[in-house]
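Please read the structure below before turning to the comments.
There are 2 protein chains.
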Amino acid sequence: MKIGELARRTKLNASAIRYYEKIGVLVAPQRVGGQRRYPTDSFDRVLLIRFATDMGFTLAEIKLFLSGLRDNAPVGPRWKRLANRKLLEVDQNIARSLKLKSLLQNLLHCRCASLQQCVRALGPSENLRLLQNFRR
Amino acid sequence: MKIGELARRTKLNASAIRYYEKIGVLVAPQRVGGQRRYPTDSFDRVLLIRFATDMGFTLAEIKLFLSGLRDNAPVGPRWKRLANRKLLEVDQNIARSLKLKSLLQNLLHCRCASLQQCVRALGPSENLRLLQNFRR
DNA sequence: CTAGAAGTTAAAGTCAGCTTTAAGTCATGC
DNA sequence: GCATGACTTAAAGCTGACTTTAACTTCTAG
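Residue numbers (my numbering), protein chains in the order written: chain W, 14 to 149; chain G, 14 to 149.
As structure tokens, this is what we get:
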């Protein structure tokens, strides 16, 4: 499979696939006359990578756990550690978003004369500090 | 108030405050010998800006609704429109995060031989497409 | 008066995850 | 045998919200 076909099948840009190879999340495949030729299972590899990035893993994290992953190695402790850490992050993100949602709703339904007042009415220092804990 | 004190009080970096001025979310204050002197209510202004960015508004959006905001103008329709739009985004973010959470938990508790299998077992094409709708 | 802290500017750097560009080489169909 | 499309590389560009740097000026305490 040439890079164009892999790109079409994974719905990625060919440049993205080259980028993955460059930063080491995808292993460089065989070349024929300088061009990349991918084995069929590269498709699954790329999907796994996209899947993981969609789950919020960074490419650096993905590289980390893929590097220890033999072809059909069992789901290892390294992955579990990463997944647990990510789960925590996701939970924090949910909590933050719920807080934002209620704040937004309050602001939308309030009858303050100005936004400034409105924000002050929420008790700026407390609320701001609450939010700051969630800063990314 | 000089920029250093404003920075200390808002817990921002002075460079951030200058940056806000440069991109036009903060109005340039009086100068004394070339140095910025802020009136007391600049503190509230900066808090409002931080508050808004914490809520997920971009600085461009904040500039937009601050520019139409006279000193004590009522909470206007422009702000309401922006807030409603942001509320939608937050809801989508929550839905996405909840989906990610359950996927992560499934992956953590599964007994598949390999991650590849595990992802395939989730029904890659469907699940991946589901996630793609949430891609940012 | 002077050291040093704090202020000033424009421009470049940072992070992630790519895309775009430029300048070429290879493969394929007619 | 050649036009065209697909491929190659390294390097630069993009977004957003800043920070850092360099080279300077101004303020303040002793």
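The beta carbon of each residue, even a glycine, is placed where N, CA and C say it ideally should be. Quick caveat, the model's predicted, so the values are computed rather than measured.
D67/W: member of the alpha helix (DSSP H) spanning 55–67, first to last residue. DSSP places Q118/G in the helix class (H, G or I) of the three-state scheme.
Counting only Cβ-Cβ distances below 9 Å, S55/W has no contacts in chain G at all, with the closest Cβ about 12 Å away. DSSP places V40/G in the coil class of the three-state scheme, outside both helix and strand. Below the 8 Å Cβ cutoff, chain W contributes I107 as neighbours of L111/G, in chain order. In the DSSP assignment, the residues bridged to Q48/G are V45/G. Below the 7 Å Cβ cutoff, chain W contributes no neighbours of K76/G, its closest Cβ being approximately 14 Å away. Pairing T23/G with R50/G gives a Cβ-Cβ distance that is not under 8 Å. Between the beta-carbon of V103/W and that of L113/G there is about 5 Å, and that keeps the pair under the 8 Å contact cut. Between the C-alpha atoms of S28/G and L60/G there is a straight-line separation of about 16 Å. The beta carbon of L72/G is closer than 7 Å to those of I36, V38, T66 in its chain, skipping five residues each way along the sequence. Residue contact with chain G for M68/W: present (Cβ-Cβ distance below 8 Å to some residue of chain G). Here DSSP, grouped into helix, strand and coil, assigns F78/G to helix. Close partners of V59/W in chain G (Cβ separation under 9 Å) are lacking, with about 11 Å as the shortest Cβ gap.
Secondary structure note for T23/W: its alpha helix (DSSP H) is the uninterrupted segment 16–23.
Shown here for S55/G: same chain residues with a beta carbon closer than 8 Å to its own, the five before and five after excluded, namely M14, L19, L39, P42 in chain order.
With respect to S115/W, N106/G sits apart: the two C-beta atoms are not nearer than 8 Å.
The beta carbons of K99/G and F78/G sit no closer together than 8 Å. Interface criterion met: the Cβ of L121/G is under 8 Å from a Cβ in chain W.
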